[in-house]
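Residue numbers (full-length UniProt numbering): 1 to 312. See below for the structure under consideration.
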Amino acid sequence: MRFIILIFLFIFHRSTEIISVPKLSAPEKHSLVLMCAEASDVDWSHGLRGVIASKHGQQVSYLDQRKHQLLSDGALHIRDLQPSDAGEYYCNRELIADIAVLKGQNFTIPAGTTVYLPCKTSDKFKQRWAFKQTAQSRKEFISTLYKNSTVKKERDDPTSRFTHTISHLIISDLQLQDSGLYLCNNREMAVLTVTTESTDVENSSPEINKNLSVLLALCLLSIVCVCVLSVILSCRRTRTNTRKESEPTDHTSGLPLHSMTDEGRRMSDAHEDTGEVQYASLGVQLCRDADGQKNSRQNVIYSTLLTRPKSS
């Protein structure tokens with residue numbers, strides 16, 4: 001019973017891990033890099049499409065080399081993001097990210113997501129990002145990325161949620177207060193609306209969810225069956241004990257009366273033809289001593305009386 005419950009909890013935990021996979025949101029027609037823990041041999045897959053890129057030693061293969069590129073550390077570079085690129089990505093069968101492809105400049109994204117905001121300017125020497133909570137609010141500078149990859153923080157960021165790539169501002173673990181207008185080099189790039197309502201992308205691997213659902217159902221069914229069997233066995237034991245307690249017993253011998261009655265019937269039937277009468281009794285005689293107290297240690301056995309008719 002405990003083993004079944006532990007299996008159920010393990011499967012539930014695994015399903016929870018899959019549901020809480022890191023969510024990445026990136027704009028259409030931009031690129032994205034996904035990291036993998038393994039660097040030597042990697043197999044990247046996208047949902048149910050199978051392996052899209054793999055590297056085993058010096059051998060590298062792609063499903064579409066124009067779309068994907070493997071970096072030296074095993075990371076996957078996805079070029080020219082399109083709506084068809086949305087979904088779950090696996091590295092060596094481990095779920096790495098669930099990607100949503102954004103369109104336009106107004107984005108509604110659930111809290112906790114990581115979002116990539118592009119900087120589309122002609123200035124190749126720096127990217128200076130700013131934020132306005134509303135169109136009428138005062139502009140707050142976030143950070144500046146220089147050409148030599150130096151980053152200058154211009155407001156407090158204790159958990160380093162705001163980072164940079166060559167062409168993006170990355171905001172990790174989106175919070176409600178991140179909603180607003182974002183500008184790069186004084187040009188409006190995106191308007192974010194962060195919500196607490198979950199807008200998870202539908203799982204692109206329904207086969208995985210189906211298997212988990214089947215396992216959960218089997219575990220629940222096993223637990224129910226074990227509980228029903230336990231109740232049935234418990235009821236049977238209770239009925240058996242009740243019957244035993246309700247049977248009358250002989251106080252002198254401690255045996256059930258019906259057993260003695262059956263025995264007597266057999267003895268009587270056996271000696272009817274011979275005319276023999278047998279009598280036997282075993283008991284405990286309670287004698288009183290001179291001082292009037294009962295003495296139960298004196299046992300009396302009455303002998304057998306045999307009576308036979310005289311032969312003529």
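Where is the CB? At the ideal position from N, CA and C, for every residue including glycine. Here the structure is a predicted model, which means the values were calculated and not measured.
Annotation: the continuous beta strand (DSSP E) that includes Ala-190 extends over 187-195. Beta-bridge annotation (DSSP): Ala-53 is paired with Trp-44, Tyr-62. Of the residues Leu-117, Ser-72, Thr-150, Gly-104, the one whose Cα lies closest to the Cα of Phe-125 is Thr-150. Within a 10 Å sphere around the beta-carbon of Leu-81 sit 16 or more other beta-carbons, which makes this residue buried.
In this structure, the alpha-carbon of Met-189 lies about 24 Å from that of Ala-97. Residues of the same chain with a CB within less than 7 Å of the CB of Lys-29, apart from the 5 flanking positions on each side, are Asp-80, Leu-81 in chain order. Fully contained in the region 136-175 are the following beta strand (DSSP E) runs of length 3 or more, in chain order: 140-146, 151-153, 162-164, 168-171. Taking a 10 Å sphere around the C-beta of Gln-58, we find fewer than 16 other C-beta atoms and assign the residue as exposed. Within a 10 Å sphere around the beta-carbon of Glu-38 sit fewer than 16 other beta-carbons, which makes this residue exposed. Between Gln-177 and the set His-68, Arg-187, Val-191, Ser-167, the nearest pair of CA atoms involves Val-191. Shortest Cα-Cα distance from Cys-119 to any of Trp-129, Thr-163, Pro-110 involves Trp-129. Each residue's CA atom was taken as its position, placing Cys-91 and Ser-84 some 19 Å apart.
For Val-228, the secondary structure class from DSSP, reduced to helix, strand or coil, is helix.
Boundaries of the beta strand (DSSP E) around Asp-98: 94-102. Taking C-alpha positions only, Ser-160 is separated from Glu-140 by approximately 17 Å.
Of the candidates Tyr-62, Leu-70, Gln-105, the residue whose Cα lies closest to the Cα of Ser-40 is Leu-70. The C-beta distance from Ser-234 to Phe-107 rounds to 59 Å, too long to meet the 8 Å contact threshold. Closest in alpha carbon position to Pro-158, among Ile-78, Ile-142, Met-35, is Ile-142. Put simply, the backbone Cα of Gln-175 is about 36 Å away from that of Ser-54. The straight-line gap separating the alpha-carbon atoms of Ile-171 and Phe-131 is approximately 12 Å.
The shortest CA-to-CA distance from Gly-104 to any of His-77, Gly-47, Thr-144, Pro-27 is the one to Pro-27.
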